[in-house]
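**Q** Numbering (full-length UniProt numbering), first residue to last: 1 to 709. Can you read through this structure? Questions will come right after.
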Amino acid sequence: MTPGDRQPPPAQPPGRPSPNASSGLLDPRLLTRSLPTALRKLDPRVMYRNPVMFVVEVGAALTTTTAIRNPGVFAWVITAWLWLTAVFANLAEAVAEGRGKAQADTLRRAKTETTARRLTGWPGTEGDAAEEQVPAAKLRLGDHVVVEAGQVIPGDGDVVEGIASVDESAITGESAPVIRESGGDRCAVTGGTKVLSDRIVVKITSRPGETFIDRMIALVEGAARSKTPNEIALNILLASLTIVFLIAVVTLQPFAAYAGAEQPIVVLVALTVALIPTTIGALLSAIGIAGMDRLVQRNVLAMSGRAVEAAGDVNTLLLDKTGTITLGNRQAAAFLPVQGVDVAELADAAQLSSIADETPEGRSIVVLAKERHALRGREEGELAHASFVPFTAETRMSGVDLDDGQERRFLRKGAATSVMGWVRQAGGRPTADVGGIVDGVSASGGTPLVVGEVLHSQGRHTARVLGAVHLKDVVKAGMRDRFDELRRMGIRTVMITGDNPLTAKAIADEAGVDDFLAEATPEDKLRLIRREQAGGKLVAMTGDGTNDAPALAQADVGVAMNTGTSAAKEAGNMVDLDSNPTKLIEIVAIGKQLLITRGALTTFSIANDVAKYFAIIPAMFATVYPGLDTLNIMRLHSPTSAITSAIVFNALIIVALIPLALRGVRYRPASASQLLSRNIWLYGVGGLVAPFIGIKLIDLLVRFIPGLH
1 MTPGDRQPPP AQPPGRPSPN ASSGLLDPRL LTRSLPTALR KLDPRVMYRN
51 PVMFVVEVGA ALTTTTAIRN PGVFAWVITA WLWLTAVFAN LAEAVAEGRG
101 KAQADTLRRA KTETTARRLT GWPGTEGDAA EEQVPAAKLR LGDHVVVEAG
151 QVIPGDGDVV EGIASVDESA ITGESAPVIR ESGGDRCAVT GGTKVLSDRI
201 VVKITSRPGE TFIDRMIALV EGAARSKTPN EIALNILLAS LTIVFLIAVV
251 TLQPFAAYAG AEQPIVVLVA LTVALIPTTI GALLSAIGIA GMDRLVQRNV
301 LAMSGRAVEA AGDVNTLLLD KTGTITLGNR QAAAFLPVQG VDVAELADAA
351 QLSSIADETP EGRSIVVLAK ERHALRGREE GELAHASFVP FTAETRMSGV
401 DLDDGQERRF LRKGAATSVM GWVRQAGGRP TADVGGIVDG VSASGGTPLV
451 VGEVLHSQGR HTARVLGAVH LKDVVKAGMR DRFDELRRMG IRTVMITGDN
501 PLTAKAIADE AGVDDFLAEA TPEDKLRLIR REQAGGKLVA MTGDGTNDAP
551 ALAQADVGVA MNTGTSAAKE AGNMVDLDSN PTKLIEIVAI GKQLLITRGA
601 LTTFSIANDV AKYFAIIPAM FATVYPGLDT LNIMRLHSPT SAITSAIVFN
651 ALIIVALIPL ALRGVRYRPA SASQLLSRNI WLYGVGGLVA PFIGIKLIDL
701 LVRFIPGLH
């Protein structure tokens with residue numbers, strides 16, 4: 001296994017905020033940095049993009065003018081809290097963006113100004129190409145540069161010649177170097193990373209200012225974030241509700257004047273702000289930014305908010321078998337002796353013959369013999385009079401020759417044809433049941449390794465096959481539970497593999513996936529995705545090779561591995577910096593959490609507005625229509641204290657919900673009806689009850705302020 005094949009453990013990505021930062025306002029430093037940004041966002045040219053909060057700002061400007069012309073405690077208190085409402089809304093977005101800016105600062109440090117060694121006259125042999133020193137910023141698409149050990153790669157590209165160990169910690173946060181080589185699916189390199197060994201020639205695949213790091217900086221800062229279709233639809237709904245309530249409040253004044261209860265501008269503005277959905281209007285942008293930020297914290301870069309949102313609506317997951325569902329390395333699963341041989345004898349012979357086998361398969365045989373048959377692991381130096389035969393691709397065998405002067409014993413373990421051929425050359429004849437064992441292992445989707453022995457003892461010579469070792473691509477622990485969890489979410493899982501149908505079915509049954517596609521070609525993957533989409537389903541998949549690019553581009557959520565080719569990363573709408581295919585399951589959960597958070601806070605916001613209705617309307621008209629006093633179920637002290645309490649609560653609830661908007665509502669796998677029921681009871685009823693309690697408590701305090709009682 002090469003370093004590039006490793007699945008690195010989850011690493012803290014560059015610039016990741018501290019745990020305190022992840023809780024939003026609980027980090028004073030983040031709050032301090034975000035407050036100036038929140039104040040700058042009060043610019044009407046920025047605020048108009050959020051219709052709900054733009055109405056709040058216009059209302060605050062109106063009440064400010066009124067308070068200047070007719071000063072009063074009530075007018076100034078309402079004005080102050082309306083401005084605070086607008087600031088708190090901007091603060092939610094600024095805090096979400098601030099966490100991304102911390103990550104962007106680290107990425108900028110990784111983006112060094114380097115000098116590139118550009119080759120002219122390439123393609124061809126390197127010796128025929130002239131070399132010139134140019135600033136990295138002057139590199140263009142298709143240029144070829146040479147990079148040696150200790151030098152920084154000047155731009156994004158693909159390795160077209162050579163192989164090197166590369167330090168990508170500036171991008172991934174993972175300190176272990178990775179291998180990048182020409183040809184194949186591990187040829188992509190990123191500008192700003194460092195070559196640790198050897199020499200490579202890189203073909204530049206990005207323009208200046210459009211490198212991977214440039215895109216990461218823009219995305220984590222939120223500069224490149226565009227609103228998703230669902231977000232746009234919700235914004236239109238909120239704007240429509242705002243217009244309806246605005247018209248209702250404007251037309252209310254003539255009726256109030258006719259009844260002899262004409263209301264001042266301050267009260268009408270307060271009523272408008274209390275009735276329009278300010279809570280979700282204030283938090284909507286922060287929810288979307290935080291969703292992308294949660295992916296960045298897991299070392300996944302989403303190229304758009306649309307991709308995150310689509311992940312939450314995914315119906316079908318396409319998962320590669322190797323490295324995703326299985327470990328990717330065949331592991332010893334069982335010792336299968338031939339008739340007349342004890343299983344312990346076979347295990348001992350298999351372990352001895354695997355001591356010099358440094359492949360993962362060989363190591364797994366040593367471990368299985370130790371765990372299953374209590375055979376202590378032995379080292380080469382521990383065995384006297386032993387000559388070890390390492391595994392090679394030519395012989396396809398490993399083994400050991402033991403000679404204590406009285407007995408000579410030769411053991412070999414390897415591919416069935418190789419070992420049985422070795423036994424025949426020594427004069428032995430494999431028994432008939434060996435073929436049955438080998439065929440049975442192959443039919444089950446496994447790989448058989450045969451163990452043979454040649455013995456010279458007391459003038460006797462025997463050559464025989466002791467049995468076989470069953471190797472199989474082991475399904476990762478807990479995968480069946482994870483697929484059960486996805487099934488509860490209503491997501492169908494499909495395993496993609498190049499194995500034959502028999503092997504694919506065996507692994508699919510063991511892992512618990514819903515379906516599988518065997519002997520899959522790039523065209524097969526593309527057809528499967530289009531067939532699912534034709535049925536109205538959203539599809540997610542992972543890939544790393546150029547042959548995966550068409551399917552990644554077609555999928556609604558295409559997660560490209562950072563170790564993969566530039567074509568794969570360009571085709572996908574997400575890039576996993578850790579190159580861990582199983583992270584697709586986490587991405588879906590984050591997408592669902594984003595949608596649930598938005599739905600929960602929308603429900604809470606609308607329920608809040610209903611409760612505030614019972615605070616302000618009775619207070620406005622109770623003196624003219626005494627019957628309305630029956631709606632004053634909170635028994636608020638006075639009309640001015642009721643209106644003030646509602647506006648103060650309206651502002652404070654935004655602050656209280658910012659951590660929830662940034663952290664996200666906790667997601668538990670459940671059906672859509674269960675999630676809807678939970679939202680209604682927890683956030684609908686909670687949103688209805690909270691204002692009654694909060695407004696009443698605030699009313700008990702403001703009644704003691706002169707001018708508000």
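By construction, the Cβ of each residue, glycine as well, lies at the ideal position given by its N, Cα and C atoms.
Under three-state DSSP, which class holds S645?
**A** S645 falls in the helix class under three-state DSSP.
**Q** Where DSSP assigns a beta bridge to F516, which residues make up the other side?
**A** BP columns for F516 point to M495.
**Q** Can at least three beta-carbon pairs, one atom from the stretch 83-99 and one from the stretch 282-299, be found at a separation below 8 angstroms?
**A** Yes: the two stretches touch, three or more of their Cβ pairs being nearer than 8 angstroms.
**Q** How would you call Q339, buried or exposed, if buried means at least 16 neighbouring beta carbons within 10 angstroms?
**A** That one is exposed.
**Q** Out of R140, T114, G427 and I236, which has the shortest C-alpha to C-alpha gap to K194?
**A** Of the listed residues, the one whose Cα sits closest to K194 is T114.
**Q** Under the DSSP definition of a beta bridge, which residues are partnered with I179?
**A** According to DSSP, which records beta bridges pairwise, I179 is partnered with S165.
**Q** If V131 sits next to R117, beta carbons under 8 angstroms apart, how far is it from one beta carbon to the other, in whole angstroms?
**A** This sequence places Glu at residue 131; Val is not what is there. Correct: roughly 5 angstroms between the Cβ atoms.
**Q** Do G684 and F649 come within 7 angstroms of each other at the CB atom, strictly closer than that value?
**A** No, Cβ-Cβ distance for F649 and G684 is not below 7 angstroms.
**Q** I'd like the list of long-range same chain contacts for K696, defined as Cβ closer than 6 angstroms, with 5 residues on each side in sequence excluded.
**A** Closer than 6 angstroms at Cβ, skipping near neighbours: M634.
**Q** Let me make sure I understand the geometry here. Which of D515, V474 and K505 has the alpha-carbon closest to that of I491?
**A** When each option's Cα is compared against that of I491, the closest is D515.
**Q** Hey, how far is the Cα of L657 from the Cα of R527?
**A** Each residue's Cα considered, the two are about 44 angstroms apart.
**Q** Any idea what DSSP makes of R245, helix, strand or coil?
**A** Reading off the sequence shown, one finds Phe at residue 245, where the question assumed Arg. Of the three classes helix, strand and coil, the one that applies to F245 here is helix, per DSSP.
**Q** Can you determine whether any heavy atom of the ligand NAP sits closer than 6 angstroms to the C-beta of T190, and answer yes or no?
**A** As far as ligands go, the structure on display features none, and thus does not contain the ligand NAP.
**Q** Would the stretch 291-300 and the stretch 65-85 be scored as touching if the rule is three or more Cβ pairs under 8 angstroms?
**A** The stretch 291-300 vs the stretch 65-85: no contact.
**Q** Do the CB positions of L336 and H461 come within less than 7 angstroms of each other?
**A** Result no, Cβ atoms of L336 and H461 do not sit closer than 7 angstroms.
**Q** What are the boundary residues of the beta strand (DSSP E) that A130 is part of?
**A** Residues A130 to P135.
**Q** Across which residues does DSSP place G414 in a beta bridge pair?
**A** G414 is bridged to M397 and V450.
**Q** If I'm right that F614 touches G686 with Cβ under 8 angstroms, what's the distance once you round it to whole angstroms?
**A** Going by Cβ atoms, the distance from F614 to G686 rounds to 16 angstroms, so no, they are not a contact pair.
**Q** What three-state label does DSSP hand S442 in the structure shown?
**A** Here S442 sits in helix by DSSP.
**Q** How many angstroms separate the CA atom of A75 from the CA atom of L271?
**A** Answer to the nearest angstrom: the Cα atoms are 13 angstroms apart.
**Q** So, do the stretch 195-205 and the stretch 150-162 have three or more beta carbon pairs nearer to each other than 8 angstroms?
**A** Contact between the stretch 195-205 and the stretch 150-162 is present, because at least three Cβ pairs lie under 8 angstroms.
**Q** How is G558 classed by DSSP in three states: helix, strand or coil?
**A** It is a strand residue.
**Q** Give, in chain order, every unbroken run of the alpha helix (DSSP H) that is at least 4 residues long and sits entirely within the stretch 276-311.
**A** Runs found: 278-297.
**Q** First and last residue of the alpha helix (DSSP H) that includes D143?
**A** Element bounds for D143: n/a, residue is neither H nor E.
**Q** Can you grab the Cα-Cα spacing for the pair P390 / M397, in whole Å?
**A** Their Cα atoms are separated by approximately 8 angstroms.
**Q** In the DSSP output, what is L336 paired with across the bridge?
**A** In DSSP, L336 forms a bridge with A468.
**Q** Just how far apart, CA to CA, sit A310 and L30?
**A** Answer to the nearest angstrom: the Cα atoms are 30 angstroms apart.
**Q** Can you say whether P581 is buried or exposed, counting buried as having 16 or more other CB atoms within 10 angstroms of its CB?
**A** Buried, since its Cβ has 16 or more Cβ neighbours within 10 Å.
**Q** Taking R480 as the reference, give the member of R306, G543 and T326 with the closest Cα.
**A** Comparing Cα positions, the closest option is T326.
**Q** Is the stretch 407-424 touching the stretch 448-463 in the sense that three or more CB pairs, one from each, lie closer than 8 angstroms?
**A** Segments in contact, yes.
**Q** Answer with buried or exposed for H385, where buried requires no fewer than 16 other C-beta atoms within 10 angstroms of its C-beta.
**A** Under this definition H385 is an exposed residue.
**Q** Would you kindly report the start and end of the unbroken beta strand (DSSP E) that includes I204?
**A** Taken as a continuous stretch (DSSP letters only), the beta strand (DSSP E) holding I204 covers R199 to I204.
**Q** What are the boundary residues of the beta strand (DSSP E) that includes A534?
**A** Looking at the DSSP string, A534 is not in any beta strand (DSSP E); the run it does join, the alpha helix (DSSP H), is P522 to A534.
**Q** Once DSSP output is grouped into helix, strand and coil, what is the label at D158?
**A** Three-state DSSP puts D158 in a strand.
**Q** Whose CA, out of G414, S442, I590 and G435, lies closest to the CA of M489?
**A** Closest by alpha carbon: I590.
**Q** Report the residue from P135, D544 and V147 whose alpha carbon sits nearest the alpha carbon of P208.
**A** Nearest option by C-alpha distance: P135.
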